[in-house]
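Chains as they are written, first to last, in my numbering: chain A, 7 to 321; chain B, 617 to 1002. Reviewing the structure listed below.
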Amino acid sequence: MIELKGVTRRFGDAVAVDDIDLTIETGEVCVLVGSSGCGKSTTLRMINRLLPRSSGDILVDGEDINKADPEALRLNMGYAIQSTGLFPHWTVARNIGVVPNLLKWPARKRDERVNELLTLLGLDPATDAIKYPHQLSGGQAQRVGVARALAGDPNILLMDEPFGALDAITRENLQQEMLRIQRQLNKTTVFVTHDIDEALKLATRIAVMDQGKIIQHDTPEAILRRPASAFVENLIGKGDRGLKLLALRTVGDLMERYPQPRKSEPCTDGLSEADSLRFALSVMVWQNSAELPVFNGAREEVGTVKREQLLQGGA
Amino acid sequence: MPSSTMPPNRVLLALALAALGLVWLLNLGVVQPNRIVSGTGYGLYGATGWGGAIIVSSLLLMVCVLAAKPVHKRFLGLAALLTAALMALPLLLEVFALRRLPSDSAYARIGIGAGFWCLAFFLALMLLEALGQIKASRRLQLSIVLLIVAGWWFCAGREGLSSLSLIREYTNRADQFSQALTVHLSLSLGAVAISAVLAFGLALAMVRREHWRRPLLGLVSFMQTIPSLALFGLLIAPLGALSAAFPVLQALGIRGIGWAPALLALIAYSLLPMVRNTYVALMEVPEAVVDAGRGMGMTEQQIFRQVKLPLALPVIIEGVRITTIQAIGLTAVAALIGAGGFGTFIFQGLGQAAMDLVLLGALPTVFLALAADAILSALRFQETSK
Ligand SMILES: Nc1ncnc2c1ncn2[C@@H]1O[C@H](COP(=O)(O)OP(=O)(O)OP(=O)(O)O)[C@@H](O)[C@H]1O
Ligand SMILES: [Mg+2]
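Quick look at the structure:
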């Protein structure tokens, strides 16, 4: 658990972070979102003491972070940044192994961990591990950056726009992987982005920031349903709020389930349980169908979704 | 292979034709009755007779043909041919000595003429072009240079060339020569080593304390602007006074003239390129990389040793390379204040109008500078490609 109590950071006369209170529960993903310059990175960098705070307290699991020495604190906090900061003179494998090396893990354990992470992030342990950062694509480099942050098996992850500067498709893929990894590893995560869709997708709770203050701290659904101010309303976009709400829930939540899975005829079009309701609606509009079958991972038909249901109970 | 894919190589063609013209126009060698008198020059035919003239001309014509015709693997052949030609080049002088040196005079000697230098120079240029065309690796390039040096070394040791003026000057001063080599190397490399340590410290201070940057850079730049001769001279008075005041210094050999002021001046000159490169290299390590390292829990010392220094190393080595070449050249000038080294021969030779004595000082200086350049470039290349 990370607690920020009355934390302020000034640069000269300018106040970058203004008296914020924020509690991040163990295992949750807290996404800091807001426009450029609102103090997201500053907040993040105070948590691992890359920046000293001007006033206030930051506690990790009840302990003041200033009590321990900064290196020990950081070794337990994975850190990934937009520009990746990969060491250009080291191979991918050595980059990922930085923290295990700092923690003096035995070489065997470290190498196994590196391979495990490469696989986890969809990189090839045989070919990609021996590459140098300049030989990677932008997306691959950011994956390595995330792998490096995870390598020491830290309890806390701090990520500052780790998927920034990527094209929409690669970004989407990495977000999916991030969700999958988070389900597996359950790290307490603070994730910075200025992309509200990314925030809605990844967050357990979102903290909306503006001019150094936290305007609203709540679940994605609550933020969409009850924006605290005109600023938040603008940020989430009034127009497609309904669609964004649909995007938060899956087909599995809403469908009518059959008592028994049925064998499906081959080539039947349909949805899968993990698809979002937004996707389901889009398919229905496109195919002009009032009802679609839902399949599970084994291609068995497990239920149906009706358009009526979607429109009434979806959002 | 269709000829359209292998156009004639104009560079080689032009170089070979120019060499052919020059080697026929200029004197290949000179016969001098003694070391001071300028003597009579001989052209290619006069010096080596029909045999030598035909061999040299046909070699150059062969290069022309190979450069113009789309022969398979022609550049490889050319590189081999030119290497062999360069290795055996001093044999021309040997033939010359055999034919033209009067046997009755003990003082008579032969000098190297402009034609010979031109031939050597153009052969080297053509070899460079051929090596560039076959994209020779550094290792191959280095082996070829060593082969040529070995060839010349072998020829210089032969009896036939003992009448070569340059070699006469050397044999008369063999002891002085090896002493000059020692002094020259220890002065220049010593200055580089000391200033490397100093510069590293200064650059670190500039990185740590931003407000030290301007005064320090200003100081080392200022020292660079003093003409070298003036700096050598300027140090004579204060060092002389110091040494007169403290006999300990005198016992150590520190006087107004000699190695002490030379070393000081060399260090002063070496500081600027060294400090500037080290400082720039350390500052150019990307902020994000350092930030990431710190964020992952590396200590400042670990960041410096494992990240900043290795990333800065190629540029730092580049600074050492520039400095070393510069110091080797400047050490020659330091002979003026009695520091010794190859400059001694140069200034003696100038004083006595004995050009071959000047060469005896100048050639090894150039060779040392080239060798330092090759070694440090290779080192930097290795660091960069890591
Ligand atoms: N080292 C610094 N010195 C002075 N001012 C700073 C410094 N770092 C940040 N600031 C200021 O603090 C404010 C918050 O910066 P911060 O980097 O936290 O913004 P951000 O929310 O991360 O923005 P972005 O989305 O653009 O990354 C900005 O106004 C910035 O100008
Ligand atoms: Mg930021």
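We put the CB at the ideal spot given by N, CA and C, even for glycine. These numbers come from a predicted model, not from an experiment.
- Task: Rank 161(A), 70(A), 200(A), 287(A) by C-alpha distance to the C-alpha of residue 85(A) and give the top, closest one.
- Result: Within the first sequence, the letter at position 79 stands for residue 85(A). Selected option, being the one with the closest Cα: 161(A).
- Query: Would you say residue 140(A) faces chain B, with C-beta separation under 9 angstroms as the test?
  - Reply: Taking the first residue of the first sequence as 1, we reach residue 140(A) at position 134. Not closer than 9 angstroms to any Cβ of chain B, the Cβ of residue 140(A) fails to qualify, so no.
- Query: Per the contact definition of three or more C-beta pairs closer than 8 angstroms, is the segment 119-134 of chain A in contact with the segment 52-66 of chain A?
  - Reply: Flag = no, the segment 52-66 of chain A and the segment 119-134 of chain A do not touch.
- Cβ neighbour criterion (16 or more within 10 Å) applied to residue 815(B): To locate residue 815(B), count along the second sequence from 1; it is residue 199. Buried, because 16 or more other Cβ atoms sit within 10 Å of the Cβ of residue 815(B).
- Nearest-angstrom Cα separation, counted from residue 705(B) out to residue 969(B): Sequence index remark: in the second sequence, residue 969(B) carries index 353 (1-based). Sequence index remark: in the second sequence, residue 705(B) carries index 89 (1-based). Distance between the alpha carbons of residue 969(B) and residue 705(B): 27 angstroms.
- Query: Looking at C-alpha atoms only, which residue of 295(A), 286(A), 247(A), 8(A) is the closest neighbour of residue 256(A)?
  - Reply: The residue labelled residue 256(A) in the question sits at position 250 within the first sequence. Of the listed residues, the one whose Cα sits closest to residue 256(A) is 286(A).
- Message: Counting only C-beta atoms, is residue 908(B) closer than 9 angstroms to chain A at any point?
- Response: Start at 1 with the first residue of the second sequence, and residue 908(B) comes out as number 292. Yes, because at least one Cβ of chain A sits closer than 9 angstroms to the Cβ of residue 908(B).
- Message: Quick check on the burial criterion: 16 or more other C-beta atoms within 10 angstroms. Buried or exposed for residue 725(B)?
- Response: Taking the second sequence and counting its residues from 1, the one referred to as residue 725(B) is at position 109. Per the 10 Å Cβ criterion, buried.
- Let me have the residue list for ligand 4: C-beta closer than 7 angstroms to any non-hydrogen atom, ordered along the chain. With respect to ligand 4, the structure offers nothing, as its ligand set consists of ligand 1 and ligand 2.
- For residue 231(A), which three-state DSSP category applies? As a working note, residue 231(A) is residue 225 in the first sequence. Reduced to three states, the DSSP call for residue 231(A) is helix.
- Message: At a threshold of 8 angstroms, does residue 17(A) count as lining ligand 1 (C-beta to nearest heavy atom)?
- Response: Your numbering for residue 17(A) matches position 11 in the first sequence. Yes, Cβ of residue 17(A) sits closer than 8 angstroms to a heavy atom of ligand 1.
- Query: Listed from N- to C-terminal order along the chain, which residues in the segment 742-758 of chain B have their beta-carbon within a distance smaller than 7 angstroms of any beta-carbon of chain A?
  - Reply: Flagged: no residues at all.
- Can residue 41(A) be considered in contact with ligand 1, in the sense that its beta carbon sits closer than 8 angstroms to one or more heavy atoms? The residue you call residue 41(A) lines up with position 35 of the first sequence. Yes, ligand 1 has a heavy atom inside 8 angstroms of this Cβ.
- Over what stretch of residues does the beta strand (DSSP E) that includes residue 83(A) continue unbroken? Stepping through the first sequence from its first residue, residue 83(A) is reached at position 77. Note, residue 83(A): beta strand (DSSP E), 83-87.
- Item | Spatial neighbours of residue 268(A) in its chain, beta-carbon cut-off 7 angstroms, leaving aside the 5 residues before and after | Position 262 of the first sequence holds residue 268(A). Cβ within range, chain order: 306, 307.
- Message: In the DSSP output, what is residue 17(A) paired with across the bridge?
- Response: Position 11 of the first sequence, counted from the start, is the residue given in the question as residue 17(A). Answer is 20(A).
- Touch check for the segment 157-173 of chain A and the segment 198-214 of chain A: three-plus C-beta pairs under 8 angstroms? yes
- Message: Under 9 angstroms, CB to CB, which of the residues in the segment 33-66 of chain A have a partner in chain B?
- Response: 51, 54, 56
- Out of 226(A), 100(A), 117(A), 290(A), state which residue places its alpha-carbon closest to the alpha-carbon of residue 251(A). Reading the first sequence from its first residue, position 245 is the one you call residue 251(A). The residue with the shortest Cα to Cα distance from residue 251(A) is 226(A).
- Item | Nearest-angstrom Cα separation, counted from residue 694(B) out to residue 620(B) | As a working mapping, residue 620(B) is identified with position 4 in the second sequence. As a working mapping, residue 694(B) is identified with position 78 in the second sequence. Unreliable placement is indicated for residue 620(B), whose pLDDT of 48 sits below 50; no coordinate value is reported for it.
- Query: With 16 other CB atoms within 10 Å as the buried threshold, where does residue 819(B) fall?
  - Reply: As a first step, residue 819(B) must be located in the second sequence, where it is residue number 203. Classification of residue 819(B): buried, given that the 10 Å Cβ count is 16 or more.
- Proximity winner among 729(B), 767(B), 987(B), relative to residue 646(B) (alpha-carbon distances): For this step, residue 646(B) is matched to residue 30 along the second sequence. When each option's Cα is compared against that of residue 646(B), the closest is 729(B).
- Query: So which residues on chain A does residue 905(B) lean against when the C-beta distance must stay under 8 angstroms?
  - Reply: Locating residue 905(B) in the second sequence gives position 289, counting from the first residue. The answer, in chain order, is 91, 92, 93, 94.
- Please confirm if the segment 210-222 of chain A is in contact with the segment 235-248 of chain A, defined as three or more CB-CB distances below 8 angstroms between the two stretches. yes
- Query: Which residues in the same chain have their Cβ closer than 6 angstroms to the Cβ of residue 209(A), if we skip the five residues on either side of it in sequence?
  - Reply: Position 203 of the first sequence, counting from 1, holds the residue named residue 209(A). Around residue 209(A): 35, 37, 226.
- Does DSSP put residue 935(B) in a helix, in a strand, or in coil? Translated into positions along the second sequence, residue 935(B) becomes position 319. It is helical.
- Query: How would you call residue 650(B), buried or exposed, if buried means at least 16 neighbouring beta carbons within 10 angstroms?
  - Reply: Against the second sequence, residue 650(B) aligns to sequence position 34. With fewer than 16 other Cβ atoms within 10 Å, it is exposed.
- Cutoff 9 angstroms: residue 990(B) Cβ touching any chain A Cβ: Mapped onto the second sequence, residue 990(B) falls at position 374. No, its Cβ sits nowhere closer than 9 angstroms to a Cβ of chain A.
- Can at least three beta-carbon pairs, one atom from the segment 70-84 of chain A and one from the segment 111-120 of chain A, be found at a separation below 8 angstroms? no
- Task: Might you give, ordered along the chain, the residues of its own chain that have their beta carbon closer than 8 angstroms to the beta carbon of residue 12(A), omitting 5 neighbours on each side?
- Result: Looking up residue 12(A) in the first sequence gives position 6. Once the five neighbours on either side are set aside, the close Cβ partners of residue 12(A) are 25, 26, 27, 61, 62, 63.
- Message: Output needed for residue 655(B): all residues of its chain with C-beta closer than 6 angstroms, excluding positions within five of it in sequence on either side, in chain order.
- Response: Walking along the second sequence from the start, residue 655(B) turns up at place 39. Result list for residue 655(B): 646, 647, 648, in chain order.
- Query: From residue 865(B) to residue 926(B), what does the alpha carbon distance come to, in whole angstroms?
  - Reply: Position 249 of the second sequence, counted from the start, is the residue given in the question as residue 865(B). Position 310 of the second sequence, counted from the start, is the residue given in the question as residue 926(B). Each residue's alpha carbon lies about 40 angstroms from the other.
- Through-space distance from residue 703(B) to residue 860(B), alpha-carbon basis: As a first step, residue 860(B) must be located in the second sequence, where it is residue number 244. As a first step, residue 703(B) must be located in the second sequence, where it is residue number 87. So the two alpha carbons sit approximately 53 angstroms from each other.
- Query: Is it buried or exposed for residue 992(B), if we count other Cβ within 10 angstroms and need 16 for buried?
  - Reply: Stepping through the second sequence from its first residue, residue 992(B) is reached at position 376. Per the 10 Å Cβ criterion, buried.
- Message: Below 8 angstroms, is the gap between the Cβ of residue 22(A) and the nearest heavy atom of ligand 1?
- Response: Taking the first residue of the first sequence as position 1, residue 22(A) is located at position 16. Residue 22(A): yes, Cβ under 8 angstroms from ligand 1.
- Query: Using a Cβ cut-off of 7 angstroms, which residues of the segment 925-937 of chain B contact any Cβ in chain A, in chain order?
  - Reply: Residues are counted here when their Cβ sits less than 7 angstroms from a Cβ of chain A; for the segment 925-937 of chain B these are 926, 927, given in chain order.
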